[in-house]
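**Q** One structure coming up, written as structure tokens, with questions to follow.
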DNA sequence: ACAACCATGTAAGTAGTTACATGATTTA
DNA sequence: TAAATCATGTAACTACTTACATGGTTGT
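Residue numbers (my numbering), protein chains in the order written: chain A, 1 to 194; chain B, 1001 to 1194.
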């Protein structure tokens, strides 16, 4: 059986709250968006699939505008979600194009990849600040329910990921500066590996 | 213009050493494999594309078996690789299905996701040990060339990633055990956030 | 001559992205 | 009544995966 992550991610979001496609699309980026992304086109396609499987039902939104439809999870959908969540799967090597560019730089010489690392460093700092703010807002009191703890753990994974790339970027920039410096003069600075 | 990461990853691997498709496929997993994966089917397809672009040329392997062809990067390929490596691109939120399953567990109750975290913890430990071994073998002397430093940085990113998931997994398992414990009795253990 | 393996591929399907189309409601 | 924006979709494409096919070489 294939992985089918996206349909189950949507099922989860709909268990948390029944929504229309566009509402889902907006909520998706803010919550699950830390570790998965989907465009609205994909979401509409998958919603049709969920309904065809009998996992959700949809009704035209009452007293609402246009063609809006609200999707609601059915018991069969909850069962399916529980089944899927218990499945085991190996962690996939995450694709990272920066690492490919690094390797290309190693192979063919200076290409300016350092500039991109600086750009990304800023982005990771911004995201970290955002996540810390969410943590302060939603997970600082003694909320202690199982659900609350798990959601905090997911956010924590996001925080740790951003922090890791910040640490790595700073080491990388320092190493690249040093390598460039040694080309001209001044070799022998104290450099320690992390 | 699309990202086109895979063709450029292959170009990089071929700059490092001219190879046949199957050799590439094997080398790929060991080096670039930390941050990208590709099946041999994909690789053959992309090799045909690289040749069609005039970035590589291939010759029937001399004194070799069967239909084996060896691919070699042309000057235009090097130029293209340098151009691509200097491009800027935002870090993509890495897709992580475990985080989806966590969120599903938060939404519909206990599903046994903890068992999978334990399984993954072992896998991350194994990978970390492997990477540390590579580090010891290939990057422990004072190799100090720019190329050597960059390749070490890529490996370092792999090491830091594994370490991060080990740290996270241990926190997560502890939190899940606590949440389960508090359901029955014994609430109030000293728990600190990292 | 047969098994094991080296080497390259085709076909079909799943997943994700980009560009564009369409109509309905609200706001200026 | 025009612009903005809400809401849902289609079409075409790129990227990746899984299953299978085919022929050549080496070892027994």
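For glycine and all other residues, C-beta sits at the position ideal for the given N, C-alpha and C.
Please list, in chain order, all residues of the same chain as residue 47 of chain A whose beta carbon is under 8 angstroms from its beta carbon, the five residues on each side excluded.
**A** 10, 21, 24, 56, 58 and 71
**Q** When you check each C-beta in the stretch 3 to 30 of chain A against every C-beta of chain B, which residues fall closer than 7 angstroms?
**A** 3, 5, 8, 9, 12, 15 and 16
**Q** Are there 16 or more other CB atoms within 10 angstroms of the CB of residue 1152 of chain B, so buried, or fewer, so exposed?
**A** Answer is buried; the Cβ neighbour count reaches 16.
**Q** Decide if residue 138 of chain A is buried, meaning its Cβ has at least 16 other Cβ atoms within 10 Å, or exposed.
**A** exposed
**Q** Looking at chain A, which residues of the stretch 1035 to 1058 of chain B have a Cβ within less than 7 angstroms of any of its Cβ atoms?
**A** Within the stretch 1035 to 1058 of chain B, the residues whose Cβ lies closer than 7 angstroms to any Cβ of chain A are, in chain order, 1035, 1036 and 1037.
**Q** What does residue 1105 of chain B touch in chain A if you count any residue whose Cβ is under 8 angstroms from its own?
**A** 85 and 150
**Q** Under three-state DSSP, which class holds residue 135 of chain A?
**A** helix
**Q** By the three-class DSSP mapping on this structure, what secondary structure does residue 1175 of chain B have?
**A** helix
**Q** Would you call residue 1101 of chain B buried or exposed, if buried means 16 or more other Cβ atoms sit within 10 Å of its Cβ?
**A** buried
**Q** Within the same chain, show all residues whose beta-carbon is closer than 8 angstroms to that of residue 159 of chain A, passing over the 5 residues directly before and after it, in chain order.
**A** 128, 131, 132 and 135
**Q** Please report the Cβ distance between residue 35 of chain A and residue 1095 of chain B, rounded to the nearest whole angstrom; I am assuming they are in contact, meaning their Cβ atoms lie under 8 angstroms.
**A** 7 angstroms
**Q** Which bits of chain A does residue 1033 of chain B rub up against, with CB to CB less than 8 angstroms?
**A** Under the 8 angstroms cutoff, chain A gives 93.
**Q** Quick check: the Cα distance between residue 1167 of chain B and residue 1051 of chain B, rounded to an integer number of angstroms?
**A** When rounded, the distance between both Cα atoms is 44 angstroms.
**Q** In chain B, which residues lie with their C-beta within 7 angstroms of the C-beta of residue 112 of chain A?
**A** Chain B residues near residue 112 of chain A: 1086.
**Q** Name the one or two DSSP bridge partners that residue 1071 of chain B has.
**A** B:1019 and B:1058
**Q** Let me know if residue 1012 of chain B comes out buried or exposed under the rule of 16 or more other beta-carbons within 10 Å of its beta-carbon.
**A** It is buried - the Cβ of residue 1012 of chain B has at least 16 other Cβ atoms within 10 Å.
**Q** Name the chain A residues whose beta carbon is nearer than 7 angstroms to that of residue 1082 of chain B?
**A** 108 and 111
**Q** Less than 9 angstroms between the C-beta atoms of residue 197 of chain A and residue 103 of chain A, yes or no?
**A** Look at the range of chain A in this structure, 1 to 194, and you will see that residue 197 of chain A is not part of it.
**Q** Is DSSP giving residue 1025 of chain B helix, strand or coil here?
**A** helix
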